[in-house]
Structures are given as structure tokens and as C-alpha cells.
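Below: the structure, in C-alpha cells.
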Amino acid sequence: MSVHATTPRPPLPQPIAWLYAIAVLVLILSVGAAVWVGLLVGFDASLTFTASMAGVAIGAFVPALLGHGIVVAVHDTVWSRRG
368 MSVHATTPRP
378 PLPQPIAWLY
388 AIAVLVLILS
398 VGAAVWVGLL
408 VGFDASLTFT
418 ASMAGVAIGA
428 FVPALLGHGI
438 VVAVHDTVWS
448 RRG
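Each residue of the sequence shown is one higher than the one before, counting from 368 in our numbering.
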């Protein structure tokens, strides 16, 4: 049985690491904000919980999709450059 030694990858360049961290944070905050807004608007309008959650799902879809796209684009760019 042989063990292959691997050379450690160099750390991410600082600007790329910050961009990746910011993209993940935007994704989390945008979905969280959509949930809070959906719940507040839904309960304020005396909608049922199901209707409120449907509004949350619709409201969270676009920012989540955008945030996910940013995260994937940054991740693919970083790993394609690192080999």
C-alpha cells in the first residue's frame, strides 16, 4: 500500500477570499431578510401562515438565486485558477 504525498495548496489570495466571504454573507442575509419581511407582511395582512410562507418562498427565490450564482461563480473562478 503506497501513500501519495500531496503538496498543500497555497491559501486563497486575500481579495478572492474576501469576495467569497461577502458573497456567502449576502446569500444568507438576503434569504433571512426575505423570511422576516414575508412573515411581517403576511401576519400584518392577517394572512394564514401558509400564505405567508408562500410569499416568503417567492420573495426569497430571486435573492437566493442571485447569491447562489455569485457564490458558484467565485468558487469556480478560484478553483479553476488553483488547479
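Here a beta-carbon is modelled for each residue, glycine too, at the ideal position from N, C-alpha and C. Note that this is a predicted model, so its numbers are computed, not measured.
- In this structure, L394 sits away from H442, with a CB-CB distance that is not shorter than 8 angstroms.
- Out of L396, P375, V404, Q381, the CA that lies nearest to the CA of I425 is found in V404.
- For P375, the secondary structure class from DSSP, reduced to helix, strand or coil, is coil.
- Counting only the Cα atoms, L433 lies some 18 angstroms from W385.
- Distance check between A421 and each of V438, I437, V402, P430 places V402 closest, using alpha-carbon atoms only.
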